[in-house]
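Down below is the structure, laid out as structure tokens.
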Amino acid sequence: MKKSRTLKVIFYKAGGNSGKYSFGTRISFPKAWADDMGITPENREVKLTYSQKKIIIERKDGSGEEA
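See the structure below:
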């Protein structure tokens with residue numbers, strides 16, 4: 003499955019002892035994509051790779067090895 007979608011990055015104020023101007027980020031992607039990748043509430047660990055200004059998300063299998 004090769005699909006593309008334009009999404010907005012969510013910025014939120016970081017809590018705790020972080021600085022006054024500290025922010026965190028999140029991105030939500032479609033549930034159908036998570037289903038296709040086999041990501042479930044019980045198996046939700048993924049590997050993110052940042053390389054050459056691209057982010058790659060890969061599911062990790064149950065043994066802890068990368069898919």
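Numbers in my numbering are just positions in the sequence shown, counted from 1, shifted up by 2.
The beta-carbon is built from N, C-alpha and C at its ideal position, and this holds for glycine as well.
Computed from a predicted model, the values in this text were never measured in an experiment.
Residue i: first and last residue of the uninterrupted beta strand (DSSP E) it sits in
i   : result
K56 : K56 to R61
K15 : I12 to K15
L50 : V48 to S53
CA-to-CA distance, residue j to residue i, given in whole angstroms
i   : j   : result
A69 : S30 : Confidence at A69 is low in this model, with a pLDDT of 47, below 50, so the placement of that residue is unreliable and no value is reported for it.
D37 : N19 : 36 Å
G17 : M39 : 31 Å
E47 : K10 : 22 Å
Where the alpha helix (DSSP H) containing residue i begins and where it ends
i   : result
E22 : First, the amino acid is wrong: residue 22 is Lys here, not Glu. From DSSP, K22 is part of no alpha helix (DSSP H); its letter is neither H nor E.
K33 : K33 to M39
Closest Cα partner of residue i within the set the options
i   : options               : result
R7  : K33, Y14, K62 and S20 : K33
K62 : R28, G21, K5 and N45  : N45
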